[in-house]
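Novice: Following this message is one structure expressed as structure tokens.
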Amino acid sequence: MKKLSIRAIKSRIITGEDDLFETIKGALDTSRPKNGDILAVTSKVVAVTQGRVMKIANEKEFKALVQQEAGDVIGGKDVILTLKNGIFTPWAGIDRSNTKKGTAVLWPEGSNKVARQIEIWLKKNYRLNKCGVIIVDSFCVPLRKGVSGITLGYSGFLGVEDKRGNKDLFDNSLQFTQEAVADNLAAIANLVMGQGNEQTPFAIISSAPVTFSDKKTEPRDLVMDARDCLYAPLYKGKIS
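The following block contains the structure:
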């Protein structure tokens, strides 16, 4: 079995005038994907090319935008914790880093649909039989320092693999384990793509242990109702 490998891919600075697919094509000129690879794309690249950049004059306007974009506002003072698309995230996913001062970037629209479009485009342009795509954003894990990565949208493989009923080393049946494949890939992609001025908004993951699939992905494939969540005692509402 080949070892998993990942390489970050540099790009020029991307603006709202850029086409997403032309941007990807330019970045991949120096690092072509191969059959079975998974392309990670930062959510900001998708959002910027969708025109999801807002002007923010002051903190009051920013907080109003958070209220507008959030499915629910949980609370917080300096950092506002929200629920957006079934994900606990600060500021409804709105980001003021790596964008011009006085602006903020929203989460992209239709991340699963975009991931599917990129997958089809990759297969056609690079003659691939199978490949995957993940749209990645940074993410905070409760009670852990730092940020990791999370998948906002994906296509081409099973994002969650159900291990319940499988046996462990001692022949015990797994009762709860479901492997967060897409989010695990997002975490390693996030690590190499960085958070600052690296200018590497893409990454290619090779030899990942995934199950490729042509099944259409849905936004709720990776989320659960809050009532079924381990952290349910911390939140009394429902997934928006």
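In my numbering, the protein residues as written are 822 to 1061.
The beta-carbon is built from N, C-alpha and C at its ideal position, and this holds for glycine as well.
A quick note: this is a predicted structure, and the numbers were derived from the prediction, not measured.
With T844 and M875 assumed to form a contact (beta carbons below 8 Å), what rounded beta-carbon distance in angstroms separates them?
Specialist: With a Cβ gap of about 21 Å, T844 and M875 do not count as contacting.
Novice: Please confirm whether any heavy atom of the ligand ADP lies closer than 7 Å to the CB of D916.
Specialist: Because no ligand of any kind appears in the structure shown, any question about the ligand ADP cannot be addressed here.
Novice: Between which two residues does the beta strand (DSSP E) harbouring I1026 extend?
Specialist: Unbroken beta strand (DSSP E) run through I1026: F1023 to S1027.
Novice: For F997, does the three-state DSSP call read helix, strand or coil?
Specialist: Looking at F997 - three-state DSSP - the assignment turns out to be coil, as it is neither helix nor strand.
Novice: In terms of alpha-carbon separation, which member of G1017, L841 and K905 lies closest to Q889?
Specialist: If we check each option's Cα against that of Q889, K905 comes out closest.
Novice: In the structure shown, what three-state DSSP assignment does G1051 receive?
Specialist: Reading the sequence as shown, one finds Leu at residue 1051 and not Gly. Coil at L1051, not helix or strand.
Novice: For V926 and G837, what's the separation of their Cα atoms in angstroms?
Specialist: Cα-Cα distance, rounded: 11 Å.
Novice: Could you work out which residue in P911, E882 and D1046 is closest to A891 when comparing CA atoms only?
Specialist: Out of P911, E882 and D1046, P911 has the C-alpha closest to the C-alpha of A891.
Novice: Tell me the rounded alpha-carbon separation between D850 and V962.
Specialist: Computed Cα separation, rounded: 35 Å.
Novice: Could you check how far apart the C-beta atoms of I895 and L886 are, in whole angstroms? I think they sit under 8 Å.
Specialist: 17 Å between Cβ atoms; not a contact.
Novice: Mapping DSSP to helix, strand and coil, what is I830?
Specialist: If DSSP states are grouped into helix, strand and coil, I830 belongs with the strands.
Novice: So the candidates are F960, G907, T1038 and S826; which of them puts its Cα closest to the Cα of S976?
Specialist: That would be T1038, whose Cα lies nearest to the Cα of S976.
Novice: Could you check where the beta strand (DSSP E) with S918 kicks off and where it finishes?
Specialist: Unbroken run through S918: none, as it is neither H nor E.
Novice: What are the residues that DSSP puts in a beta bridge with A861?
Specialist: I955 and A1024.
Novice: What did DSSP end up calling M1014 once you bin it into helix, strand or coil?
Specialist: Three-state DSSP puts M1014 in a helix.
Novice: Per the DSSP calculation, P911 is bridged to which residue(s)?
Specialist: Paired residues: L902.
Novice: Does the segment 976-987 come close enough to the segment 998-1009 to have 3 or more Cβ pairs within less than 8 Å?
Specialist: A contact exists between the segment 976-987 and the segment 998-1009.
Novice: Apart from the five residues just before and just after A861, which ones in its own chain have a Cβ nearer than 6 Å to its Cβ?
Specialist: Only I955, V957, A1010 and A1024 meet the Cβ criterion.
Novice: Figure out for me which residue from R1041, S1027, I877 and L1012 has the closest Cα to the Cα of K921.
Specialist: Residue I877 is the option with its Cα nearest to K921.
Novice: Measuring alpha carbon to alpha carbon, tell me which of Y1052, P1022, T863 and I827 ends up nearest L964.
Specialist: Nearest option by C-alpha distance: Y1052.
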